[in-house]
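Enquirer: The sequence shown begins at 1 in UniProt numbering and counts up by one. Even for Gly, the Cβ is constructed at its ideal location relative to N, Cα and C. Being a predicted model, the structure only gives us computed values, none of them experimental. Dropping a structure here in structure tokens format, bear with me for questions.
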Amino acid sequence: MSLPEVVQVMSVMLGLAVAQQSAEHLAGARDRLLFLPRLILALVLVSGWQQAWVTWALFAYGVVLLHRFDGPYNGGSDKMTLLITACLSAYHLAPDTRWQEMAMAYLAVQLVLSYFVSGYIKIIKAEWRSGEALCDVFRFSAYPVSERLRGWAERPGVLWLMSWAVMGFEVLFPLSLLHPAALIGALVVAGTFHLANACLFGLNRFFWIWLCAYPSLIWFQDRVLG
């Protein structure tokens, strides 16, 4: 895909992801009025109308939310949302193609680091290397894990293998950039991992927003290897 095509796809995906995030607040009792304008902006972004202006508005709104909640209240998914919005805003502000490419390349590198750093932080911790950390995730998690799934905490051998599978995949993720087929395979595995976390632990925002950044990495690899 060309860079403008990548940006178009990412913009639509970002709009859908932000709309989903905002709709969750509208379904609740708090901050409905705060997130209604964000939902409207997200839907306009999906439509493709005045894409640059709407992207800038979403970025500005993201900064307002940082101030309102004294930081990214939903952790990593909010950080990734703001990162993608910032890079797309920079793309639209860039004076020429070179700087537009720099904006997308920055996002692609940050996506790779999001996996590598996550794996590195896990692998240097003894509780992750022993599998105990993953046991605790199932045993004590506050997320909506069913009682049947909590039973996995009593299978330390399986969770030890799962721990090392996750850590190994994350720290080796940068190697997927060496070949297009390897990257596609790695992104399928990563997307499946996020989907599993969404189904098991309710981390649905991570699934949608991380997928939004994948086109930038596919473009980046093609640009570097090409």
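Using a Cβ-Cβ cut-off of 6 Å (strictly less than) and excluding sequence neighbours within five positions of residue 90, which residues of its own chain qualify?
Expert: The beta carbon of residue 90 sits closer than 6 Å to those of 103, all from its chain and outside the five residues before and after it, given in chain order.
Enquirer: Leaving out the 5 sequence neighbours to the left and right, which residues in its chain are closer than 8 Å to residue 19 when beta-carbon positions are compared?
Expert: Excluding residues within five positions, the ones whose Cβ falls inside 8 Å are 39, 42, 43 and 46.
Enquirer: Whose C-beta lies closer than 7 Å to the C-beta of residue 120 among residues of the same chain, with five residues either side of it excluded?
Expert: For residue 120, where only same-chain residues beyond five positions count, the Cβ hits under 7 Å are 171.
Enquirer: Which whole-angstrom value describes the C-beta separation of residue 84 and residue 198, a residue pair presumed to lie in contact below a C-beta threshold of 8 Å?
Expert: About 18 Å; that fails the 8 Å criterion.
Enquirer: Below 8 Å CB to CB, which residues in the same chain sit around residue 238 once its five sequence neighbours on both sides are set aside?
Expert: Nothing in the structure corresponds to residue 238, since the chain is present only between 1 and 226.
Enquirer: At the level of alpha carbons, what is the spacing between residue 9 and residue 175?
Expert: Taken atom to atom, the span from the alpha-carbon of residue 9 to that of residue 175 is near 25 Å.
Enquirer: Between the beta-carbon of residue 6 and the beta-carbon of residue 215, is there less than 8 Å?
Expert: Going by C-beta atoms, residue 6 is nearer than 8 Å to residue 215.
Enquirer: Once DSSP output is grouped into helix, strand and coil, what is the label at residue 155?
Expert: coil
Enquirer: Can you give me the C-alpha to C-alpha distance between residue 194 and residue 124, rounded to a whole angstrom?
Expert: 22 Å
Enquirer: Between which residues of its own chain and residue 149 is the CB-CB distance below 7 Å, once the five residues before and five after are set aside?
Expert: 138 and 200
Enquirer: Give the straight-line distance between the Cα atoms of residue 166 and residue 189, rounded to the nearest whole angstrom.
Expert: Approximately 10 Å, taken between the alpha carbons.
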